[in-house]
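In my numbering, the protein residues as written are 143 to 715.
See below:
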């Protein structure tokens, strides 16, 4: 079968395999479903009922295959344009030169030196992706840490990204009261998964956690800044995708899909039925017979893990990293209600009674995202008043309540903004598919800090916050929809200052740039028809401002670029 499956999007590379029948039939897929919105690469999943020549074969899980076609389909990387590595250097596509160089760099360089760390991140490693990947694995408590696939686009300084797959040993597949002590006796103690995943015994890649397997995470965590980021990331994931009620809802919703088919499936695949068919005793002595009651029991074990895991993982994190201050609870209040959202690190705080749990030793960064028509007045909490859109602090013990105050205002862009839009690519051609992007220019005599600035189009749910970045006086900065696509089209630069994620409208759109406190700075409504230059609509050309000395949002102030692809990051020719 080669035609696309609608639920898998455009990807045409998929395969079918049978998940261990004596457990839940959905464990691995459930774990990947939990992280589907984090930006990590995962395998799509669809449970299917299979017939072979009219003979019922029960429930099989249809999954995407993790080969080069998966990357090509999900990231629009051209054929031959990627390195895909399995395990610790096995080549699936491309070659292993960059991967080997990365591991050699990590092994030989002192990553507590910031310039060394920055070189690693600039040349080889997508750090955000790697920390998201590791935060997921420690939550799953999967001690089979060698199930690794990572990839990079074959462009200068193409950085490796990790793929989450084959996590079946997670969520206590094996009874922990039996398996944890047995593993500790014979191999390694995975009760505290942080210690297990950073063990330094040996230099090879032997199972389960010889030093070569733990090299990347272990060496990166020697850098205090990376260590703090990882601790924050674990807290964020426990407050977000791994929040108990969300995990439980995911388990129950996925189970509800296959539950009606379980009785018939058992008629085909239960141990008793297999023995009737002459296959002997097809299971290990310690396995329980696969019955409907056993299946429900195994589902309940997933729920039990979801209830217990957050507290256990937080305590393991405190113990392993020597965090002495303990935990704190945070909740956020927006005044007036509905005037914006508060992001705590990377977790969007819902209104009370939502409470997030954080590590007191790791600073929390609170950022407000004002709704259109509102701007920030200031923050207050536990007797402290702070102005500005961001507040970094170490929380106090107990429950901390942050209140952010906003005010309504009339959002009219200034006639002489501190920054100007100088170029827009809203509909690139297939031959130069950079994804959508826009360019900002700073015409002033002083640098402009864009940390916390907000990018919107004409759809209110399309919101992106700039994590950090500065445009120097007279300088340019590019923001793109997809950094991988942009990097592939412009391998020699510039490096985008930010990624906004959503696309700009091919048939016209309104691009809005807000300062961090919510004030509207720039607003441009463009169209794909006259009097706007129509050559920018799908032919590869960009919209370029005629003169940075005479900024205007009127179509007469804009022209089509002189070359396909435009001139991102530099003055328009």
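C-beta: ideal position from N, C-alpha, C; glycine also. These numbers come from a predicted model, not from an experiment.
Proximity of the segment 651-669 to the segment 548-562 meets the contact definition, three or more beta-carbon pairs being nearer than 8 Å. Using a 10 angstroms sphere on the CB of residue 596, the tally of other CB atoms reaches 16 or more, which defines it as buried. Looking at the backbone, the Cα of residue 196 and that of residue 202 are separated by about 15 Å. For residue 517, no alpha helix (DSSP H) segment is defined; the enclosing uninterrupted segment is the beta strand (DSSP E) at 516-523. Residue environment analysis places residue 255 among the exposed positions, since fewer than 16 neighbouring C-beta atoms fall within 10 angstroms of its C-beta.
Rounded to whole angstroms, the separation of the alpha carbons of residue 340 and residue 385 is 25 Å. In this structure, residue 381 sits away from residue 462, with a CB-CB distance that is not shorter than 8 Å. Rounded to whole angstroms, residue 652 and residue 174 show a C-alpha spacing of 35 Å.
Under the rule that a run must span 3 or more residues, the beta strand (DSSP E) segments found entirely inside the segment 559-638 read 562-567, 579-583, 596-598, 605-607, 618-622.
Here residue 449 is not bridged, per DSSP, to any residue. Under the three-state reduction of DSSP, residue 644 is assigned to coil, being neither helix nor strand. Shown here, residue 308 sits in coil according to DSSP, grouped into three states, outside any helix or strand. A buried status is given to residue 307, since no fewer than 16 other beta-carbon atoms sit within 10 Å of its beta-carbon. Of the residues 273, 258, 712, the one whose Cα lies closest to the Cα of residue 565 is 712. Counting along the chain, the unbroken beta strand (DSSP E) around residue 206 starts and ends at 197-206.
Collapsing the DSSP output to three states places residue 437 in a helix.
Under DSSP, residue 293 shares a beta bridge with 226, 303. Fully enclosed alpha helix (DSSP H) runs of no fewer than 4 residues occupy 366-381 of the segment 359-391, in order along the chain.
Between residue 539 and residue 502, the C-beta spacing is below 8 Å. A Cβ-Cβ separation of about 16 Å leaves residue 494 out of contact with residue 510 under the 8 Å criterion. Contact check for residue 218 and residue 627: beta-carbon distance about 6 Å, within the 8 Å limit, so the pair qualifies. In this structure, DSSP gives residue 659 a state outside helix and strand, which the three-state scheme calls coil.
For residue 642, the closest C-alpha among the options 548, 679, 603 is that of 603. With fewer than three CB-CB distances shorter than 8 Å, the segment 325-334 does not count as touching the segment 298-312. Selection 397, 259, 236, 383 evaluated against residue 211 yields 236 as nearest (Cα-Cα). Around the beta carbon of residue 577, 16 or more other beta carbons lie within 10 angstroms, which makes this residue buried.
For residue 335, the enclosing alpha helix (DSSP H) begins and ends at 335-339.
For residue 659, the closest alpha carbon among the candidates 444, 508, 441, 321 is that of 508.
For the 8 Å CB-CB criterion, residue 172 and residue 436 do not form a contact. DSSP, read as helix, strand or coil, puts residue 705 in coil.
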